[in-house]
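Numbering (our numbering), first residue to last: 1369 to 1531.
Here it is as structure tokens:
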């Protein structure tokens, strides 16, 4: 019953941002793009930046750590998070409010919990990324910093990598 309740959480427009689209590929292809380090590195940051996956421990409490680079040589932090929920071929939930060493943090620019939801669709997969924030101010800041451009770009890159 708990899993069903978790699935029915509502979208709060004062706190949440979302990207949703149909990707013309099976859920398993999108899942592997999210869960295999080499595949994730190909799309999880807007090009022409490059990404290095340092940790991708697919279990609740597992580390999720990536680094980014403009020149392919000097890397800076991109995501330092932990997974909260992993449901094969269906859902990934992670937060950067706790870093990969399980320390509470106040990440720059915003703290968030991200839920990736993969649903069935006649044309492939209904893909949704819901990014939850702790306050309307954090949500507004994330939107002002280019949430829709950034997440839209990587979602398009994800689609291109699996379609």
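All residues carry an ideal CB built from backbone N, CA and C; glycine is no exception.
For the 7 Å CB-CB criterion, residue 1411 and residue 1526 form a contact. With contacts defined as CB atoms closer than 7 Å, residue 1513 and residue 1475 fail to qualify as a contacting pair.
Counting only runs of 3+ residues, the beta strand (DSSP E) found wholly inside the stretch 1441–1492 occupies 1443–1455, 1459–1463, 1481–1489, in chain order. Straight through space, the alpha carbons of residue 1423 and residue 1400 are spaced by roughly 15 Å.
Spatial neighbours of residue 1388 in its own chain (CB-CB distance under 8 Å, excluding positions within 5 residues in sequence) are listed in chain order as 1494, 1495, 1496, 1497. Sequence-distant Cβ neighbours of residue 1431 in its own chain, meaning closer than 7 Å and more than five residues away, are 1423, 1425, 1450, 1468.
Taking 7 Å as the cut-off, the beta carbon of residue 1500 is found no closer than this to the beta carbon of residue 1523.
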